[in-house]
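Asker: Have a look at this one.
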């Protein structure tokens, strides 16, 4: 599946995130931990939320860290809802793999979205993220904590959706080769393979 196909799939299930039963605390603790590694900064600083979805629940955390929030998502419907609730926010309706990041960021996050990136595009995208981090900037994402690279689709949420992972060791090697220090790795929903990775760009 292409990112565009994934976006169209998510267009049909936005109700899963807007219903009252949605757990608005999902990802908050991990997000706070990632933000805790930021170093004090002066002047404007920016955060990019990749696969930002429609809830805007991470925006208060980003603003508390004195960062200016930007979101990017391939789902037009998700972004429409996000913009309606945050009309002055900066949002990009783009395929992040093809999108030229408009600036360098202090914080880049991809909570429960990176695994939808096509397998062959995951390494180039991670390298792009690292290249667009400022010195001491933090990269934070969740991924499939498997040993070997692979991909699959399933329809657990309704429409068929694509998932892929390079494997935990591969992710860590890519990040270190790209000039990052690994700050935190956690199988936060063990025995599920849901994994949190936090990395920080080293000094030049």
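Residue numbers (our numbering): 1 to 204.
We put the CB at the ideal spot given by N, CA and C, even for glycine.
Between residue 196 and residue 30, how many whole angstroms is the CB-CB distance? I'm expecting something under 8 angstroms.
Answerer: 5 angstroms between Cβ atoms; contact.
Asker: For the 8 angstroms Cβ check, are there 3 or more pairs between the segment 45-62 and the segment 98-117?
Answerer: Touching, yes.
Asker: Is residue 202 helix, strand or coil by DSSP?
Answerer: In this structure, residue 202 counts as coil in the three-state DSSP scheme.
Asker: Whole angstroms is fine: what's the gap from residue 62's alpha carbon to residue 33's?
Answerer: Computed Cα separation, rounded: 12 angstroms.
Asker: Going residue by residue through the segment 119-195, where are the continuous beta strand (DSSP E) segments of at least 3 residues, counting only ones entirely within it?
Answerer: The qualifying runs are 133-144, 150-154, 161-165 and 180-186.
Asker: Could you give the first and the last residue of the continuous beta strand (DSSP E) run that contains residue 108?
Answerer: Run containing residue 108: 105-110, per the beta strand (DSSP E) assignment.
Asker: Under three-state DSSP, which class holds residue 93?
Answerer: Here residue 93 sits in strand by DSSP.
Asker: Ordered along the chain, which non-local residues of its own chain (more than five positions away) have a Cβ less than 6 angstroms from that of residue 83?
Answerer: Cβ neighbours of residue 83 beyond the five flanking positions: 91.
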